[in-house]
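A quick write-up on the structure given underneath.
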Amino acid sequence: MSTGIDRRAVALTFLKHARAGQRAEAERLLAPGARHHNPYFAAGMPALLDATEAAAKSAPDRTFEVKRVIAARHYELIENMALHIGRGLKARGFNLLDVEPPPPGLSPENARRYGFSLFSARYGNIYLVRQLLQLFQEAYGDFKPADSGQIVNVGSGVGTSLRELAEAVEHQAGRPVEIEQSQARSFDAPSNWLSVSLAEKALGWHPTTSLESGLAATWRSLTT
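Plus 157 on top of the position in the sequence shown (first one is 1) and you've got our numbering.
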């Protein structure tokens, strides 16, 4: 049933108000119960609106151009959601492919703590309906990419803790960063980073930008 709402126009108007720092006007366009897209971001939508006000004040002359508006309901399949799907299937007696079983000797409690036996595959975040449709089409054999190629990781290949990242940001900002520590969630792994060895082997690619230089370039772009 159509609601008669022009979602595209609402989205564009919201972006304009948000960019101008017009919090009240932007907030009136939010659906009842609107939430931040990250369910574990405790500050929620108020913090997002605070950020739009702060951005407008810090860079009032900055402009933006909307390239594309998808006027449809926004669905997300994120790893947190997949976690609950997997548990639900197991609880109902379905066989679920486990591509990350825990190593021998690890207790069930620690296996859950370190994120084992959660997913049949890790696709990253799927933010668009079109991406979700393509995933299902591939799974059922209705679609095959023209060139499957190889999937490679692109990154530094070096692990960085959140504290190390915060300290690096502090160094670039030239002022302290307030850090609030909380208990790890049950599925948080203590450390996790990607190997770039396949990209080096297949493409001859290797990282050339360090975390520090990348942060410095990002800071310059935000402050100049």
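For each residue, glycine too, the CB sits at the ideal point set by N, CA and C.
Bear in mind the structure is a predicted one, so any value in this text is a computation, not a measurement.
Count the other C-beta atoms from every protein chain shown that fall within 10 angstroms of the C-beta of Leu275, then say buried if there are 16 or more, exposed otherwise. buried
Nearest residue (CA-CA) to Val256, options Gly243, Asn267, Arg249 and Glu266: Gly243
Proximity to Pro259 [Cα-Cα], best of Asn267, Leu253 and Asn252: Asn267
Under the three-state DSSP convention, the category Ile308 falls into: coil
From what residue to what residue does the alpha helix (DSSP H) around Pro265 run? Looking at the DSSP string, the run of the alpha helix (DSSP H) that includes Pro265 is Pro265 to Arg270.
Could you have a look at Leu351 and say whether DSSP puts it in helix, strand or coil? coil
Take Tyr232 and list the residues in its own chain whose beta-carbon comes closer than 7 Å to its own, dropping the five residues that flank it on each side. Residue placement at Tyr232 is flagged as unreliable, the pLDDT there being 44, under the threshold of 50; a coordinate-derived value is accordingly withheld.
How many angstroms separate the CA atom of Ala166 from the CA atom of Gly178? 18 Å
Does chain D have any CB closer than 7 Å to the CB of Thr381? Absence of chain D from the displayed structure is noted, only one protein chain being present.
Which value, in whole angstroms, describes the spacing of the CA atoms of Pro203 and Thr317? 29 Å
Do you know whose CA, among Ala191, Gly201 and Thr170, lies nearest Val223's CA? Considering only alpha carbons, the answer is Thr170.
Would Val326 and Val315 qualify as a contact pair, given that the criterion is a beta-carbon distance under 7 Å? no
Assuming Ala325 is part of the alpha helix (DSSP H), what are its boundary residues? In this chain, the alpha helix (DSSP H) harbouring Ala325 covers Leu319 to Ala330.
Do you know offhand how far His328's Cα is from Ser370's? 12 Å
Select from Ala175, Ile336 and Thr365 the residue whose C-alpha is nearest the C-alpha of Glu210. Among Ala175, Ile336 and Thr365, the Cα nearest to that of Glu210 belongs to Ala175.
Report, in whole angstroms, the separation of the C-beta atoms of Phe300 and Gln294, which I expect to be a contact under 8 Å. 4 Å
Starting from the C-beta of Glu182, find all residues in its chain whose C-beta is less than 6 Å away, skip the five residues before and the five after it, and write them out in chain order. His174
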